[in-house]
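Those letters in the sequence shown? Residues 66 to 400, per this note's numbering, in order.
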Amino acid sequence: MSNLDASGEAEQTGDGPNAEGPVWQELAPRAVALTPRSAAGLDGAPAADPLQVSRFIPTRGRRMVGAWCFVDYYGPVDVSTTSAMRVPPHPHCGLQTVTWLLAGEVRHCDSEGHDQLIRPGELNLMTAGHGICHAEVSAEGGPAVLHGLQLWVVLTEQHRDRAPSFEHWSELPTWQAPGVRATILLGSFDGVTSPASSYSPLVGLDAALQSGASVGLPLLPEWEYAVLVTEGAVRVDGVTMAAGAMVYLGTGRDSIELVTDDGARLLLLGGEPFTEQIVMWWNFIARDHGEIVAARDAWQAGRRFGAVPMSAAEVGQRLPAPPMPAVTLRARGRR
Ligand code: MN
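Given below as C-alpha cells:
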C-alpha cells in the first residue's frame, strides 16, 4: 500500500496523552484515497474510483503503537462494481509492510520477484530494509467483497538497512481461551510466537470472539497497546466499540477485558514503546532529511528499488514521488 499523503509529517506531530500508564484515546481515522485518481485507471481506460481507506495511524497525537507505525483499514467494500484496489509500483525502505485480509483476495508483486495471491487468514510480510518496490491489486474475477488491513512496522537502526525480503504465511499459530480464538500474525502473545520475521518486541493478533464471550487478554505492562474492531461490536474495558473504531490503550495494563453479545472480531496491536527518532515521509522511513532525499532521488532515477515485473496495463504506471516539502524534515519520537 502506498502513502499518498506527502504532507503527513506535519500531521504526525502534536502532543498525545502521556503514554506512561493506561490511557483511553479513541483514534479518529482520516479517509484517504489509496491511489491517486490519475493513476487509478489502466492505460486507455477511464480512471476508476480509487479505493477509500481509513487511516488511523499516523494521526495527530499518535504516531506509533510499539513499532507499528501505520494502520490502514478498508472495507468491507464490493470491488466487483466499484473501487477495486489497484496500487501501482511504489518504493519502501526502513519498514515492513503487513497485509491481512478479512475478505477478498489481493495480489502482491515485488521487485525481488515475488508474485503472491493472499487470502483471508494468510499473512503477507514484506521487509523493505534498504529498498524494494511493490504493487498490489485486488484479484480480478476474485471475491466481490474486499475487507482488510495494511500495517507498517518500523525497522530498528540495527535492521533498517538489511536486504529486502518477502514472506507469505498460510498457517499461523493460534491462542485460545473460552469464547475466543486469536491468530498471532506477528510477534508474540502469551507464549505463542508467529513464525513471521519481526525485529522488535511486538504483537499483532486477530481475535474472533463468539457470541456472549467475556474474556480477558493478558497484556504486558511494559508494552503499549491498541485495539481496532473489525466486525461486530465489543465492550473494551466497559466501553462499547463498533467495527471501524480504534482505541489506543497506553501502557501499564496486565489485561484487557473484552465482552460481546453477538460476537465480534478485532485486531490487537502492541509492543515495547519505540524509542528511536524517525522521519516518516511518503513511503520511506529514515532517520534524517538527507536520507529521505537520497531515497526519493533514487526512486525518481530508477535506482535502488528495482522494478515490479507487472505490466503497466496490469497495474498502472509506477507512482512518482511527491515533491519534497519546503521545510527540513526532522526526526521525531513516537508521539
Ligand atoms: Mn506499499
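For glycine and all other residues, C-beta sits at the position ideal for the given N, C-alpha and C.
Is T100 close to the ligand MN? I mean its beta-carbon at under 6 Å from any heavy atom of the ligand.
Taking the Cβ of T100 as the reference point, every heavy atom of the ligand MN lies at 6 Å or farther away.
C-beta contact flag for Y313 and R127 at 7 Å:
Result yes, Cβ atoms of Y313 and R127 sit closer than 7 Å.
In whole angstroms, what separates the C-alpha of G206 from that of P286?
If you draw a straight line from the Cα of G206 to the Cα of P286, it comes to about 46 Å.
Looking only at its chain, what residues have a beta carbon closer than 6 Å to the beta carbon of F121, apart from the 5 residues adjacent to it on each side?
The answer, listed in chain order, is L92, P94, V136, M311.
By a C-beta neighbour count over all protein chains shown, 10 Å radius and 16 as the cutoff for buried, is T146 buried or exposed?
Exposed: under 16 other Cβ atoms inside 10 Å.
Range of the contiguous beta strand (DSSP E) that encloses Q181
Note, Q181: beta strand (DSSP E), 180-183.
Rounded separation between L220 and A359 - CA only
Straight-line Cα distance between these residues: approximately 18 Å.
Between V324, V257, C198, which has its C-alpha nearest R361's C-alpha?
When each option's Cα is compared against that of R361, the closest is C198.
Around the C-beta of D180, are 16 or more other C-beta atoms found within 10 angstroms, so that it is buried, or is it exposed?
Exposed is the call here.
Hey, could you find the ends of the beta strand (DSSP E) V392 is sitting in?
No beta strand (DSSP E) holds V392; DSSP gives it neither H nor E.
Buried or exposed (CB count within 10 angstroms, at least 16 for buried), W89:
Counting Cβ neighbours within 10 Å, W89 comes out exposed, since fewer than 16 surround it.
Can you give the beta carbon distance from D331 to V292, rounded, assuming they're within the 8 Å contact cut?
Checking the displayed sequence, the identity of residue 331 turns out to be Leu instead of Asp. Rounded, the Cβ-Cβ distance is 5 Å, consistent with contact.
Let me confirm a value: P154 is counted as buried when at least 16 other C-beta atoms fall within 10 Å, else exposed. Which label applies?
By the Cβ-count criterion, P154 is buried, with 16 or more other Cβ atoms from all chains shown falling within 10 Å of its own Cβ.
Taking a contact to mean a Cβ-Cβ separation below 7 Å, would you say S58 touches P283 in this structure?
Given a span of 66 to 400 for the chain in the structure shown, any question on residue 58 remains unanswerable.
Please go through the stretch 277-345 and give each complete beta strand (DSSP E) segment of 3 or more residues, from N-terminal end onward.
Runs found: 279-283, 289-301, 304-307, 311-315, 320-324, 329-336.
When the distance is taken between beta carbons, is A261 closer than 7 Å to L188?
Yes.
CB V268 to CB R300, shorter than 7 Å?
In this structure, R300 does not lie closer than 7 Å to V268 by Cβ.
Mapping DSSP to helix, strand and coil, what is R361?
In this structure, R361 counts as helix in the three-state DSSP scheme.
Just to check my reading of the structure: C174 and I350 have Cβ atoms closer than 8 Å, yes? What is that Cβ distance to the nearest angstrom?
That belief does not hold up - the Cβ atoms of C174 and I350 are roughly 22 Å apart, past 8 Å.
Tell me whether T164, by its Cβ, gets closer than 6 Å to a heavy atom of the ligand MN.
No, the beta carbon of T164 sits no closer than 6 Å to any heavy atom of the ligand MN.
Which residue marks the beginning of the alpha helix (DSSP H) containing G378, and which one marks its end?
Correcting the residue type first, residue 378 is Ala in the shown sequence and not Gly. Where A378 is concerned, the enclosing alpha helix (DSSP H) stretches over 377-380.
Tell me whether G252 sits in a helix, a strand or coil according to DSSP, three-state version.
The answer is strand: DSSP assigns G252 an E or B state.
Report buried or exposed for L182, applying the criterion of at least 16 other Cβ atoms within 10 angstroms of its Cβ.
Exposed, since its Cβ has fewer than 16 Cβ neighbours within 10 Å.
Measuring CA to CA, which of G303, P115, E341 is closest to G140?
Checking every option, the nearest Cα to that of G140 belongs to P115.
Buried versus exposed, by CB contacts within 10 Å (16 or more), G169
Burial is judged here by how many other beta carbons sit within 10 angstroms of a residue's own beta carbon; G169 has at least 16 and is buried.
Taking G213 and L274 to be in contact with their CB atoms under 8 Å, please state how far apart those CB atoms are, rounded to whole angstroms.
About 19 Å; that fails the 8 Å criterion.
Grab me the residues of G109's own chain with a C-beta within less than 8 Å of its C-beta, minus the 5 sequence neighbours each way, in chain order.
Confidence at G109 is low in this model, with a pLDDT of 41, below 50, so its placement is unreliable and the value that follows should be read with caution. Answer for G109: no residue qualifies.
Could you tell me the alpha carbon to alpha carbon distance between G398 and G317, rounded to whole angstroms?
Taking the straight line from one Cα to the other gives about 20 Å.
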